[in-house]
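S.K.: The structure under discussion is supplied below as structure tokens; questions concerning it will follow.
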């Protein structure tokens, strides 16, 4: 998986800032329009209120404030879902998918807001009309805006002229992407390279060489070049790449480098400033602050709501545990968290008080492959503990860990210190580079019914594909998986 150091979607050129600002305003106007249309339609069909009566109704100041809050959250969700990347780089299909994800996620947030403030007007019918209207209007607006943008770019000759340095397969693949996305506003000038055995591959692809390495400086002086993408082998062309970078700096030309310098498969790259110096850093998962911030806000809001709703369950379970066996209600255990930080996890106690000491005598009965310990008929589990485990009720106190910030609602399960010390492959340890969670892909794909390596691969898959939308889907699948007791022990 390759990424440009100057990322296509994450960096917004100054030329794109104004149209993106206009796009944000238009999106909010369309959301307000969709909300008004849905409200009027619901008022007429469900309450028999005419259009004149509706406009004659008075609105409370508090309701107006709630509406502004909902609009602000809508704007934040749209940003988090990547609806405002650099305009030239947007893919039409991906853009519409972003709209669908953003509106669906916003409907979830909107439902939470209405629940917290007891807005009775919001019904299933209203949400269906609101979601359909806002999604359809945003998709149509995006399609119309794209057609206008393409027309303006071609009419005013605002195409970005890009030159590719190098003719290896990765360079040709990059050229294919540009050619396939003519709507992005980029025009491929050609390739710069010296003659080498792999040159016939370029000829067969239909692209042309516009200069060799020695003639690059003259080509830049006499042609319109906005960007240079460097795809030269790092080891053998380091000095020449340095000279090209210096040349681009002198001409004020944007330079793009492939991130596949060290052959990393899942690592992403970004530029940042620290102490007055510029650095290129690597990361896995999302590098944007907004998605992580929104994930944390959702964690807190859902955890608080769940704790309030489940308070009677907590009381009943606590009483049942105290009556069924001696010992504390809660079980606290040291677990491995974000970047191997240790924390105490909260669970309802399902075993006898000295369970951790007894595990040494049960190691030979371990039914799980790898370092984890799983035993279907574990003699340490109390009668009430079997019920709590089978229905995953013992996990509920981890909502307190979510509030503390040690855990998230969705993320790789935090493992005990004993299990972590049994890891024998470093690739498995990448799962600790994100905050652990109550549920993840493992919980909704078999739980104890899959092998340890499959479990680890599912955690890494979650990290590589992470998005707020993925979290929403996992949360939606978790409850059915818990009710079925799939893989629970």
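Residue numbers (the working numbering): 7 to 495.
Just so you know, even glycine gets a beta-carbon here, dropped at the ideal spot from N, CA and C.
Quick caveat, the model's predicted, so the values are computed rather than measured.
1. In chain order, what residues of the same chain lie with their CB nearer than 7 angstroms to the CB of residue 307, ignoring the 5 residues before and after it?
2. Answer with buried or exposed for residue 272, where buried requires no fewer than 16 other C-beta atoms within 10 angstroms of its C-beta.
3. Could you tell me the alpha carbon to alpha carbon distance between residue 338 and residue 127, rounded to whole angstroms?
4. Is it buried or exposed, residue 356, if we count other Cβ atoms within 10 angstroms and call 16 or more buried?
5. Quick check: the region 465-484 against the region 411-418, are at least 3 beta-carbon pairs closer than 8 angstroms?
6. Roughly how many whole angstroms lie between the Cα atoms of residue 61 and residue 131?
7. Answer with buried or exposed for residue 482, where buried requires no fewer than 16 other C-beta atoms within 10 angstroms of its C-beta.
8. What span of residues does the beta strand (DSSP E) with residue 353 cover, start to end?
9. What did DSSP end up calling residue 90 once you bin it into helix, strand or coil?
10. Would you call the CB atoms of residue 279 and residue 260 closer than 8 angstroms?
11. Looking at C-beta atoms only, is the number of pairs between the region 209-221 and the region 191-200 that lie closer than 8 angstroms three or more?
12. Measuring straight from C-alpha to C-alpha, what distance separates residue 25 and residue 32?
13. Where residue 206 and residue 444 are concerned, what is the direct C-alpha to C-alpha distance, given to the nearest angstrom?
14. Could you pull out every unbroken alpha helix (DSSP H) segment of at least 4 residues lying fully inside the region 283-318, listed in chain order?
15. So, does the region 138-157 touch the region 97-111, judging by three or more C-beta pairs under 8 angstroms?
16. Thinking C-alpha only, which one of 325, 350 and 451 is nearest residue 404?
17. Taking the continuous alpha helix (DSSP H) assigned at residue 252, which residues delimit it?
18. Residue 237 by DSSP, collapsed to three states: which one?
19. Within 10 Å of its beta-carbon, does residue 367 have 16 or more other beta-carbons around it, so buried, or fewer, so exposed?
20. So, for residue 181: in the same chain, excluding its five sequence neighbours on each side, which residues have a beta-carbon less than 7 angstroms away from its beta-carbon?
21. Which class does residue 336 belong to by DSSP, given the choice of helix, strand or coil?
22. Do residue 90 and residue 43 have their CB atoms nearer than 8 angstroms?
23. Consult DSSP for residue 447 and reduce its assignment to one of helix, strand or coil.
24. What would DSSP say about residue 205, mapped onto helix, strand or coil?
25. Report the three-state DSSP secondary structure of residue 442 (helix, strand or coil).
26. Count the C-beta pairs between the region 327-338 and the region 299-317 that are closer than 8 angstroms, then say yes if the count reaches three, no if not.
27. Thinking just about the alpha-carbon of each residue, which of 362, 382, 479 and 372 is nearest to the one in residue 423?
28. Give the DSSP-derived three-state secondary structure of residue 475 in the structure shown.
29. With residue 129 and residue 45 assumed to form a contact (beta carbons below 8 angstroms), what rounded beta-carbon distance in angstroms separates them?
30. List, from N- to C-terminal side, the beta strand (DSSP E) runs of 3 residues or more that fit wholly inside the region 125-182.
31. As a quick exercise: from 370, 408, 402 and 360, pick the residue whose alpha carbon is nearest that of residue 387.
32. Decide if residue 297 is buried, meaning its Cβ has at least 16 other Cβ atoms within 10 Å, or exposed.
33. Please report the straight-line C-alpha distance between residue 191 and residue 238, rounded to a whole angstrom.
M.R.: So, to answer that:
1. Once the five neighbours on either side are set aside, the close Cβ partners of residue 307 are 118.
2. Under this definition residue 272 is an exposed residue.
3. Taking the Cα positions, residue 338 is about 43 angstroms away from residue 127.
4. Within a 10 Å sphere around the beta-carbon of residue 356 sit 16 or more other beta-carbons, which makes this residue buried.
5. Remark: three or more beta-carbon pairs, one from each stretch, lie closer than 8 angstroms, so the region 411-418 and the region 465-484 are flagged as touching.
6. Confidence at residue 61 is low in this model, with a pLDDT of 48, below 50, so the placement of that residue should be treated as unreliable; the coordinate-derived value is given next. Residue 61 and residue 131: Cα-Cα distance of roughly 21 angstroms.
7. So residue 482 ends up on the exposed side.
8. Per DSSP, residue 353 is one residue of the beta strand (DSSP E) stretching across 348-354.
9. Coil, per DSSP.
10. No, they are not a contact pair.
11. With the cut-off at 8 angstroms, the region 209-221 and the region 191-200 touch.
12. Distance from the CA atom of residue 25 to the CA atom of residue 32, rounded to whole angstroms, is 10 angstroms.
13. So the two alpha carbons sit approximately 54 angstroms from each other.
14. Listed in chain order, the complete alpha helix (DSSP H) runs (minimum 4 residues) inside the region 283-318 are 295-315.
15. In short, these stretches touch, since the Cβ pair count reaches three.
16. Of the candidates 325, 350 and 451, 350 places its Cα closest to the Cα of residue 404.
17. 244-257 is the extent of the alpha helix (DSSP H) around residue 252.
18. It is coil, neither helix nor strand.
19. Here residue 367 is exposed: its Cβ has fewer than 16 other Cβ atoms, across all protein chains shown, within 10 Å.
20. For residue 181, where only same-chain residues beyond five positions count, the Cβ hits under 7 angstroms are 170, 194 and 213.
21. Judged by DSSP in its simplified three-state form, residue 336 adopts strand.
22. Note that the C-beta distance between residue 90 and residue 43 is not below 8 angstroms.
23. Residue 447 sits in coil when the DSSP states are folded into three classes, being neither helix nor strand.
24. Of the three classes helix, strand and coil, the one that applies to residue 205 here is helix, per DSSP.
25. DSSP, reduced to helix, strand and coil, places residue 442 outside both helices and strands of the structure shown, so it counts as coil.
26. Not touching, per the Cβ criterion.
27. Per the C-alpha coordinates, the member of 362, 382, 479 and 372 positioned closest to residue 423 is 362.
28. Helix at residue 475.
29. About 11 angstroms; that fails the 8 angstroms criterion.
30. Taking 3 residues as the minimum length, the beta strand (DSSP E) runs contained wholly in the region 125-182 are 166-171, in order along the chain.
31. Here the closest residue by C-alpha is 360.
32. Burial call: buried.
33. Straight through space, the alpha carbons of residue 238 and residue 191 are spaced by roughly 25 angstroms.
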